[in-house]
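Everything below concerns the one structure shown next.
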Amino acid sequence: MQANGIGKIFMKFVEKTATRPGIRTLTLGVDNWNERANGLYLKLGYTMFKQAEGRFEGEKVCYMRKFILELRE
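With our numbering, you'll find the sequence shown wraps up at 65, consecutive numbering, no jumps.
See below:
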(Lines of atoms letter the chains of each structure in order from A and count residues from 1; the text may use other names and numbers.)
(Lines give C-alpha, C1' and ligand atoms only; values in the text may rest on other atoms or scores of the structure.)
Protein backbone atom coordinates (compact mmCIF):
# COMPACT_ATOMS: atom_id res chain seq x y z
CA MET A 1 0.00 0.00 0.00
CA GLN A 2 2.98 2.34 0.34
CA ALA A 3 3.64 4.96 -2.33
CA ASN A 4 0.16 4.59 -3.85
CA GLY A 5 -1.10 7.95 -2.60
CA ILE A 6 -3.55 6.49 -0.10
CA GLY A 7 -2.02 8.40 2.82
CA LYS A 8 -2.30 11.69 0.94
CA ILE A 9 -5.92 10.98 -0.04
CA PHE A 10 -6.76 10.09 3.57
CA MET A 11 -5.11 13.22 5.00
CA LYS A 12 -6.89 15.46 2.48
CA PHE A 13 -10.18 13.84 3.55
CA VAL A 14 -9.35 14.48 7.22
CA GLU A 15 -8.47 18.12 6.48
CA LYS A 16 -11.65 18.68 4.49
CA THR A 17 -13.76 17.09 7.22
CA ALA A 18 -12.06 19.22 9.89
CA THR A 19 -12.93 22.56 8.27
CA ARG A 20 -15.81 23.23 10.64
CA PRO A 21 -16.19 26.26 12.90
CA GLY A 22 -14.17 25.90 16.09
CA ILE A 23 -11.45 23.68 14.63
CA ARG A 24 -8.30 25.71 14.09
CA THR A 25 -5.45 23.22 14.20
CA LEU A 26 -4.83 19.61 13.25
CA THR A 27 -2.21 17.88 15.41
CA LEU A 28 -0.63 14.47 14.94
CA GLY A 29 2.22 12.39 16.28
CA VAL A 30 4.52 10.23 14.18
CA ASP A 31 7.52 8.08 15.06
CA ASN A 32 10.75 9.85 14.14
CA TRP A 33 12.03 6.79 12.27
CA ASN A 34 9.02 6.82 9.92
CA GLU A 35 10.62 8.90 7.17
CA ARG A 36 7.84 8.33 4.62
CA ALA A 37 5.13 9.57 6.95
CA ASN A 38 7.24 12.52 8.11
CA GLY A 39 7.89 13.47 4.48
CA LEU A 40 4.21 13.22 3.59
CA TYR A 41 3.11 15.41 6.47
CA LEU A 42 5.76 18.03 5.68
CA LYS A 43 4.66 18.08 2.02
CA LEU A 44 1.07 18.60 3.16
CA GLY A 45 2.06 21.67 5.17
CA TYR A 46 2.45 20.25 8.68
CA THR A 47 5.28 21.59 10.83
CA MET A 48 7.04 19.87 13.71
CA PHE A 49 6.62 21.69 17.00
CA LYS A 50 7.73 19.15 19.60
CA GLN A 51 9.59 15.87 20.14
CA ALA A 52 8.93 13.53 23.02
CA GLU A 53 9.90 10.05 24.18
CA GLY A 54 8.34 7.32 22.09
CA ARG A 55 6.75 4.05 23.04
CA PHE A 56 10.06 2.20 23.12
CA GLU A 57 13.47 3.02 24.59
CA GLY A 58 15.47 5.37 22.39
CA GLU A 59 12.49 6.16 20.19
CA LYS A 60 11.11 9.66 19.69
CA VAL A 61 7.71 10.90 18.59
CA CYS A 62 7.52 14.02 16.44
CA TYR A 63 4.43 16.10 17.02
CA MET A 64 3.29 18.06 13.99
CA ARG A 65 0.51 20.54 13.40
CA LYS A 66 -1.21 22.42 10.64
CA PHE A 67 -3.28 25.53 11.11
CA ILE A 68 -6.42 25.05 9.05
CA LEU A 69 -8.10 28.45 9.18
CA GLU A 70 -6.75 29.16 5.69
CA LEU A 71 -8.44 26.00 4.37
CA ARG A 72 -11.88 27.54 5.01
CA GLU A 73 -11.31 30.60 2.87
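Glycine is no exception: its CB is placed at the ideal position from the N, C-alpha and C atoms.
Bear in mind the structure is a predicted one, so any value in this text is a computation, not a measurement.
- Query: For the alpha helix (DSSP H) that residue 29 lies in, which residues bound it at each end?
  - Reply: In the sequence shown, residue 29 corresponds to position 37, counting from 1. Where residue 29 is concerned, the enclosing alpha helix (DSSP H) starts and stops at 27 to 35.
- Given that a residue counts as buried once 16 or more other Cβ atoms are within 10 Å of its Cβ, and exposed if not, what is residue 34? Taking the first residue of the sequence shown as position 1, residue 34 is located at position 42. Exposed.
- Message: Please state whether the Cβ-Cβ distance between residue 6 and residue 54 is less than 7 Å.
- Response: Translated into positions along the sequence shown, residue 6 becomes position 14. Translated into positions along the sequence shown, residue 54 becomes position 62. No. Outside cutoff.
- Task: Grab the span of the alpha helix (DSSP H) containing residue 7 for me, first residue to last.
- Result: For the purposes of this step, residue 7 is taken as the residue at position 15 of the sequence shown. It spans -2 to 9 - the alpha helix (DSSP H) in which residue 7 sits, taken as one unbroken run.
- Round the Cβ separation of residue 20 and residue 56 to the nearest angstrom and send it over; I've been treating them as touching at under 8 Å. As a working note, residue 20 is residue 28 in the sequence shown. As a working note, residue 56 is residue 64 in the sequence shown. That belief holds up - the Cβ atoms of residue 20 and residue 56 are roughly 6 Å apart, short of 8 Å.
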